[in-house]
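Have a look at the structure below before the remarks.
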Amino acid sequence: MNIPSDLKYTKSDEWVNPSDGKMGLTDYAQGQLSDIVFVEVLVSVDDTISAGDAIASVESVKAAAEIYAPVGGKVIAVNEDLADAPETMNSDPFGAGWLVQVEISEEGDLMDAAAYEKYCEERE
Amino acid sequence: MTDFKLQGQPKVVEPTIYELSTPGRTGVTFPDPDVPRAQLPDSMLRGRLPLPELSEADVIRHFVKLSTFNYSVDSGFYPLGSCTMKYNPKINEDAARLPGFTRLHPLQPIETTQGALVLMYQLQEWLKEISGFDAVSLQPAAGAHGELTGVLIMRAYHIHRGDDKRTKMLIPDSAHGTNPASSAMSGLQVVQIPSDERGNVGLDALRAACDETTIGMMLTNPNTLGLFDEHVEEISKIVHEAGGLMYGDGANLNALMGIAKMRDLGFDVMHFNLHKTFSTPHGGGGPGSGPVGVTAELADFLPAPIVDIVEEGNEDLPPLFGLVSPAKTIGRVKSFHGHFGVLVRAFTYIAMHGADGLRKVSEYAVLNANYLLARLRDAYTVPYDRTCMHEFVAEGRFADAPGIHALDIAKRLMDYGFHPPTNYFPLIVHEALMIEPTETENKDTLDAFVEAMLKIADEARSAPDLLHAAPQKTPFGRLDEVKAAKELILCCWLPEDYGNQ
């Protein structure tokens, strides 16, 4: 399981990059969901979101899940490519599978990589 | 993970009906018309309508062949957890086909439909007796529709007494997805309540979530882990003290009939799944039916109409049954009187069993599930392992067989001739396999299923490829679930202007 050390994580399995404000779903979560077949991003550029707001809804062959913002701020970009290629969230969750990018103005309740790894192990 | 796609070509391929078409072949020959042929306006003619051309025998053989690919509760064991796939006695079908029922029209004068109305009235009475509630509406068309109806009743009740601040519905993390969906459709906000380590509703989280904005709680009991919530009375008390109402999801009523009444457990409103508990076809085999029962306090809000005695009888005349509208009804939720044919089947089932028989149904459903649990718990991890009700949830994974998932076990069971259990639900169990045998099955069938499950647990270690490649003995191999979810257009051909419409 991949857990990049430069990212921060939530208990609901989202990641955020503190340096550029990009956020998405973790490798652990995409593994639990298995093949993702549908993604709907629920926010648009220029929206202001708070930490904990639902930013996307995803569906896999197993389950449907909401994805929540790890931090708050103004949305500066959304990943338009996911609509046609939701499987990117499986194949490259921390790269091309990013969901939304914000100008961070509100910190959420976040874990570092070591704490998140422990949190994932506890749930196995 | 579906790394393992179809292994080669399917062994049996029945072409589509379009592929079987031969130009000029016909099923029916029409006689020459005895009136002059009319010329249809060109604007009303379609140039291209590629309907298949086949003889009657071609069509019959095609569809009969397709039907043999089906698996049904009439062909074998169907332990699809949460769905209560019990055997549907054939007498139900006889009753539903009685001409006195099939030739009725719902707009006939009530004096001419007394038999149907008495049946509905009696079914309402029986459901009241089974649940302990004071009033029942038979209108909702299915379980989730019953939920929506029940939630709308809860909302109407609060608003009617001038309390419009209640917007939050509490729902345990083990709930069916329909519960949050019904709440969201009613304009409510869902608050998820985590389960505790015994699979009960977490009481501390529940207390913390309850306030003056709580409309109520939706609780399935026994829950989707197949466990009876040990604190159900305490839960009701906490929710009621906050001014909320308790919604009982009747999905798992098959464990309780004649043993516990939902009203006595503290619920204010519930829906019944006639298609699960009372043996009417479902799972693609027929429409459902989700009657709603409520306490006297909520009875005025039931959807209209319900069946009642409109003129008392006397020594010489039976009472006259008719349709009435409750005083503050939320309105109609279904055309006419719900799925009447399903009501006849459920009525027949209840009449056949009687009170003692229904209690036995629940006792055997619980006994069968506990027998399977006892025989499988050493081979499969059962995370909330205590005496279960009508079903239980095991993990479909093994520490020493890391590549094996619940899906592989489910598919391999098909090779052994069984319908797989529900998998990947409830979400709080890793690689969930949810097993509900129902009361239908005898010990021989249960033992055969156990043998298959134990064999599969061995194969997971000794021959994992057998699981990954399963099923091999079914007409078709493993289907591509990703493709099925993403490519939604199933037609063999599309009209030329498709997409412009």
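These protein sequence lines map, in sequence, to chains A and B. Start counting the first sequence at 8; every next residue gets the next number (the numbering used here). Start counting the second sequence at 3; every next residue gets the next number (the numbering used here). The beta-carbon is built from N, C-alpha and C at its ideal position, and this holds for glycine as well.
Secondary structure of T17/A (DSSP, three-state): coil. Every unbroken stretch of the alpha helix (DSSP H) spanning 4 or more residues and falling wholly within the stretch 61-147 of chain B is given here in chain order: 92-98, 101-104 and 116-133. With a threshold of 8 Å between beta carbons, D13/A makes no contact with chain B. Below the 7 Å Cβ cutoff, chain B contributes Y426 and L429 as neighbours of A70/A, in chain order. The C-beta of S188/B has 16 or more other C-beta atoms within 10 Å across all chains shown, which makes the residue buried.
Looking at the backbone, the Cα of S77/B and that of I111/A are separated by about 59 Å. Look at the stretch 227-292 of chain B and you find these whole runs of alpha helix (DSSP H), each 4 residues long or longer: 234-243 and 276-279. Each residue's CA atom was taken as its position, placing G228/B and M391/B some 5 Å apart. DSSP places L325/B in no alpha helix (DSSP H) but in the uninterrupted beta strand (DSSP E) bounded by L322 to V326. Per DSSP, the beta bridge partners of D310/B are G324/B. Boundaries for K170/B: no alpha helix (DSSP H) harbours it, while the beta strand (DSSP E) harbouring it runs K170 to P174, taken from the DSSP string.
DSSP lists I173/B as the bridge partner or partners of Q194/B. Within the stretch 463-488 of chain B, contact with chain A at the beta-carbon level (separation under 7 Å) is assigned to E483, V484, A487 and K488. I237/B is the residue among L125/B, I237/B and V395/B whose C-alpha sits nearest the C-alpha of V203/B.
Beta-bridge pairing by DSSP links W105/A to no other residue. Counting only runs of 3+ residues, the beta strand (DSSP E) found wholly inside the stretch 349-427 of chain B occupies 394-397, in chain order. Taking the Cα positions, P11/A is about 33 Å away from Y386/B. Inclusion of P54/B and Y20/B in the CB contact set at 8 Å is warranted, their separation being smaller than that value.
The DSSP-derived three-state label of E317/B is coil. One finds V484, A487 and K488 in chain B with Cβ atoms closer than 7 Å to the Cβ of V44/A, taken in chain order. Secondary structure note for M118/A: it is in no alpha helix (DSSP H), with a DSSP letter that is neither H nor E. As the crow flies, the alpha-carbon of D266/B is around 16 Å from that of M219/B.
Between E113/A and S57/A, the CB-CB gap stays under 8 Å. Rounded to whole angstroms, the separation of the alpha carbons of Y123/B and K130/B is 11 Å. Secondary structure note for Y35/A: its alpha helix (DSSP H) is the uninterrupted segment D34 to L40. Counting only the Cα atoms, A329/B lies some 40 Å from T440/B.
For A434/B, the three-state secondary structure derived from DSSP is strand. Where S64/A is concerned, the enclosing beta strand (DSSP E) starts and stops at A61 to S67. 8 Å or more divides the Cβ of V363/B from the Cβ of M248/B.
E113/B is the residue among F303/B, I155/B, E113/B and A143/B whose C-alpha sits nearest the C-alpha of E313/B. Pairing V52/A with V82/A gives a Cβ-Cβ distance under 8 Å. In this structure P17/B is exposed. Its beta-carbon is surrounded by fewer than 16 other beta-carbon atoms within 10 angstroms. Nearest to A306/B by C-alpha distance, out of R63/B, N275/B, R50/B and S327/B, is S327/B. In the DSSP assignment, V44/A falls outside any alpha helix (DSSP H) and lies within the beta strand (DSSP E) extending over I43 to V48. Taking 8 Å as the cut-off, the beta carbon of S133/B is found no closer than this to the beta carbon of T226/B.
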